[in-house]
Amino acid sequence: MEFVYSARNPQARVAYASFGAMHTVLETVLVGLPEPEARRLSEEIERLVLALDARLNRHDAGSLFARINASQGREAVALDEEAFVLLQLCEVFRKSTDGYFDIAALSPGGTVPAYRLDPAARSVTLTGADIVLDAGGFGKGYALDRVRKLLADAGVANALVNFGDSSVASVGSHPFGDCWQVTAKAGGGTFRLKEASLSLSGLRPDGRAHIVDPKSRRTVSDSVVVAVEGRSAFVCEILSTALYAAPAGARQGIAAEFEGYRHTEIKQHTESWTEENL
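To get our numbering, take the position in the sequence shown, counting from 1, and add 1139.
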């Protein structure tokens, strides 16, 4: 983990930390804390996020998602309470987004629903041998909500957490402003966050498509960035993923189901983004 602390301005002592997780980089800015406390919290955040990564990364043979996928529907997989609730929520959001958010979107077939939950046994069973569950459409947002709770429990008044330039969570505001101003690198657009989150979904910076339409099983190559603002980073990421995967004409209807969340579409300029950030 990289950790940098500055007390040059005694009215706004700032700690910056960054580390790799979930195939990208998480960055935190903590304001107004003594250096030992800022370092301790930064290390706690790293442990928390890396532990979540180890549970959700389907490419890690020891992860929960890898074990579920490996079962191929032959047997039920026992879950702890957190994992059971998480899969419940993913199914609720699949339905509320008309199927455009689906953690089984990478599966070669189109079996719906992709899994069955047993509340009595607190277990999950896949509904087909070729089902692949993937946390890519919600993992960063879920981690950010957990990080924000950690910061709230520690009494942190002002902080900003950026996960891969696509998911952001704010606590309080900038020490010299009434919010945190966040600018989307791809396509521009400035967002004023205060106790709010932001998620951006679109093409990768190099122009490659990576979000799959769960209904057609094809990658979506729309050259817009869908930005969603709202309280929960988890919900923001789910909704931005679903809206980007959905046809343009269906987006407004899906978004209307999510009270308190606002979406914006930004034209994506991948070439200029890449050139500016090489």
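Ideal Cβ positions, reconstructed from N, Cα and C, are used throughout, including at glycine.
Check: residue i C-beta below 8 Å from any heavy atom of the ligand GDP
| i | result |
| --- | --- |
| residue 1266 | Absence of the ligand GDP from the depicted structure is noted, as is the absence of any ligand whatsoever, leaving it without description. |
Residue i versus residue j - alpha carbon distance
| i | j | result |
| --- | --- | --- |
| residue 1171 | residue 1398 | 33 Å |
| residue 1243 | residue 1176 | 40 Å |
| residue 1318 | residue 1178 | 24 Å |
| residue 1151 | residue 1310 | 15 Å |
| residue 1233 | residue 1307 | 22 Å |
| residue 1253 | residue 1267 | 7 Å |
| residue 1183 | residue 1228 | 26 Å |
| residue 1410 | residue 1403 | The pLDDT assigned to residue 1410 is 48, lower than 50, so where the model puts this residue is not dependable, and the model offers no usable value. |
| residue 1142 | residue 1155 | 6 Å |
| residue 1388 | residue 1195 | 32 Å |
| residue 1377 | residue 1193 | 20 Å |
| residue 1316 | residue 1304 | 21 Å |
| residue 1418 | residue 1169 | The requested residue 1418 does not occur in the structure, where the chain is confined to residues 1140 to 1417. |
| residue 1211 | residue 1173 | 50 Å |
| residue 1338 | residue 1330 | 11 Å |
Contacts around residue i, its chain only, beta-carbon distance under 7 Å, and the 5 residues preceding and following it disregarded
| i | result |
| --- | --- |
| residue 1341 | 1325, 1363, 1364, 1365, 1383, 1407 |
| residue 1343 | 1349 |
| residue 1293 | 1180 |
| residue 1199 | 1193, 1205 |
Coarse secondary structure for residue i, derived from DSSP in three states
| i | result |
| --- | --- |
| residue 1376 | helix |
| residue 1406 | strand |
| residue 1398 | coil |
| residue 1392 | helix |
| residue 1306 | strand |
| residue 1186 | helix |
| residue 1141 | strand |
| residue 1340 | strand |
| residue 1152 | coil |
| residue 1146 | coil |
| residue 1180 | helix |
| residue 1334 | coil |
| residue 1172 | coil |
| residue 1160 | strand |
| residue 1366 | strand |
Buried versus exposed call for residue i [16 or more other C-beta atoms within 10 Å across all chains shown]
| i | result |
| --- | --- |
| residue 1288 | exposed |
| residue 1213 | exposed |
| residue 1414 | Note that residue 1414 scores 31 on pLDDT, short of 50, meaning its location in the model is unreliable; the coordinates nonetheless yield the value given after this. By the neighbour-count rule (16 or more Cβ atoms within 10 Å), residue 1414 is not buried but exposed. |
| residue 1167 | buried |
| residue 1353 | buried |
| residue 1238 | buried |
| residue 1236 | buried |
| residue 1209 | exposed |
| residue 1323 | buried |
| residue 1355 | exposed |
| residue 1297 | buried |
Own chain partners of residue i with C-beta closer than 8 Å, once the 5 adjacent residues on each side are dropped
| i | result |
| --- | --- |
| residue 1260 | 1215, 1217 |
| residue 1225 | 1281 |
Cβ neighbours of residue i in the same chain (closer than 6 Å, five flanking residues each side left out)
| i | result |
| --- | --- |
| residue 1380 | 1240, 1276, 1340 |
| residue 1401 | 1368 |
| residue 1281 | 1373 |
| residue 1250 | 1266, 1267 |
| residue 1313 | 1319 |
Discussion item. Going residue by residue through the segment 1260–1300, where are the continuous alpha helix (DSSP H) segments of at least 4 residues, counting only ones entirely within it?
Written reply: 1278–1292
Worksheet item: In chain order, which alpha helix (DSSP H) runs of at least 4 residues are fully inside the segment 1192–1258?
Response: 1203–1210, 1220–1235
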